[in-house]
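**Q**
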Amino acid sequence: MDLASIIKGRRSIRDFQDKEIPEEHLLAILEAGIWAPSGSNIQPWEFVLVNDSILIKKIKLLSPGLYGMPKILIILCMNKKRSGRAGRQGLSLAIIDISMAAQNMMLMAYSLGIGSCPIASFNKSGLKELLDIPEEVDPVLMISLGYPSSWPHPPERRPLEEVVHVNAYGKHLRR
Amino acid sequence: MPMENILEDEHFQLLAFLLTSARGCIDEPPIYGPLRLIDAADKLISIIVKKYGRQLTELQEIRRKIEKARNLVLTNEEEFTKTLDELVRSLSKIIKKA
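Read top to bottom, the protein sequences are chains A and B. Everything in the first sequence is counted per this note's numbering, starting at 162 for the first residue and increasing by one. Everything in the second sequence is counted per this note's numbering, starting at 3 for the first residue and increasing by one.
#1: For I96(B), collect the residues of the same chain with a Cβ closer than 6 Å to its Cβ; drop the 5 residues on either side in sequence, then sort them by chain order.
#2: Establish whether the CB of T22(B) and some CB of chain A are separated by less than 8 Å.
#3: Determine the direct distance from the alpha carbon of I220(A) to that of P36(B), and round the result to whole angstroms.
#4: Considering only DSSP beta bridges, list what I236(A) is partnered with.
#5: How about E30(B): is its C-beta nearer than 8 Å to some C-beta of chain A?
#6: Anyone know if the C-beta pair for P231(A) and L306(A) falls short of 8 Å?
#7: Tell me whether the segment 200 to 211 of chain A and the segment 167 to 179 of chain A touch, counting them as touching only if at least three CB pairs, one residue from each stretch, are closer than 8 Å.
#8: For G26(B) versus S286(A), is the C-beta spacing smaller than 8 Å?
#9: My guess is that Y308(A) and I275(A) are in contact by the Cβ rule of under 8 Å, so how many angstroms apart are they, rounded?
#10: Report the residues of the segment 30 to 57 of chain B with a CB closer than 8 Å to any CB of chain A, ordered along the chain.
#11: Would you say A262(A) touches the ligand ZN, meaning its beta carbon is less than 7 Å from a heavy atom?
#12: What separation, rounded to the nearest whole angstrom, lies between the Cα atoms of A43(B) and D11(B)?
#13: Figure out for me which residue from I236(A), E181(A), D258(A) and L223(A) has the closest Cα to the Cα of P198(A).
#14: Please report the residue range of the beta strand (DSSP E) in which G276(A) lies.
#15: For a contact meaning CB atoms closer than 8 Å, what does A18(B) contact in chain A?
#16: How is H13(B) classed by DSSP in three states: helix, strand or coil?
#17: Here's the rule: buried if 16 or more other CB atoms are within 10 angstroms of the residue's CB, otherwise exposed. What is K67(B)?
#18: Looking at chain A, is there any beta carbon in it that lies within less than 8 Å of the beta carbon of R25(B)?
#19: Are the C-beta of T77(B) and some C-beta of chain A separated by less than 8 Å?
#20: Just to confirm, are E323(A) and H333(A) a CB contact at a threshold of 8 Å?
#21: For I4(B) and F14(B), what's the separation of their Cα atoms in angstroms?
#22: Compare the C-beta of K219(A) against all C-beta atoms of chain B and say whether one is closer than 8 Å.
#23: May I ask you to list the residues that DSSP assigns as paired with S173(A)?
#24: I want to see whether chain B comes within less than 8 Å of P279(A), judged by CB atoms only; does it?
#25: Compare the C-beta of L9(B) with all C-beta atoms of chain A and state if any pair is closer than 8 Å.
As structure tokens, this is what we get:
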């Protein structure tokens, strides 16, 4: 599969099959995360891998935005000690860095036939309590993983002509 | 019910959903409010159907409309609102008939 097909084919999956993800695929997804760019190469991320179905059920109780029963959850967290090295911009840069790591993971997952969904609607303090996440680490985003029951149709995209401004804001791309 | 089994209790699951949604709705996009409410309604229908069995076809119809609304919430707010109107009409029919 070429890169454009992977980028355009990825969908947010909210209904999963009861089928295990091979460990080598899971490691490939996690590794894709650590190869994301990060400001000043700070790599402010910590990934909490959840593969225990009972724990996933407990996390679901704290996560209104988590649909379906995924086989795996990856909780992408910000290590504030690391992000602090970037000065006042540290927190916002870390969010950007973690988002890029998340996208890497979801694209890798899709290339392996695995569905994913990025989820921000979870209770962060509840999750910290449940997973023993220390004070200096904050959960930012959760990715659910599993084989999809179906691949949804893509939602409409704003066209390039609307989104792209050439040389000055308001001068829209013409094709 | 022993506390260690409470995670299996659908009422407790609904309780957890409502409380975490209440907190989440403070920070999240306003449209997530109605989404959480229809998700809660869906969970409540599961509880009612389990209690009374499968004869509640009107509630299953409401559930189908909830699923339709859920698929529209982030892509077509106008259609989402129309589907919520349909949901309330279906509910009103049940209330009228009862």
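No residue lacks a Cβ here, since even glycine has one placed at the ideal position from N, Cα and C.
**A** The relevant details are as follows:
#1: Shown here for I96(B): same chain residues with a beta carbon closer than 6 Å to its own, the five before and five after excluded, namely E60 in chain order.
#2: Interface residue, yes.
#3: 22 Å
#4: For I236(A), which the question treats as bridged, DSSP gives the partners V209(A) and M303(A).
#5: yes
#6: yes
#7: No, because fewer than three Cβ pairs between the segment 200 to 211 of chain A and the segment 167 to 179 of chain A fall closer than 8 Å, the two stretches do not touch.
#8: no
#9: Y308(A) to I275(A), Cβ: 6 Å. Contact.
#10: E30, Y34, R38 and D41
#11: Of ligands this structure carries none, so the ligand ZN is not represented either.
#12: 16 Å
#13: D258(A)
#14: G276 to I280
#15: L222 and L223
#16: helix
#17: buried
#18: yes
#19: yes
#20: yes
#21: It should be pointed out that residue 4(B) corresponds to Pro in this sequence rather than to Ile. Roughly 13 Å between the two C-alpha positions.
#22: yes
#23: S277(A)
#24: no
#25: yes
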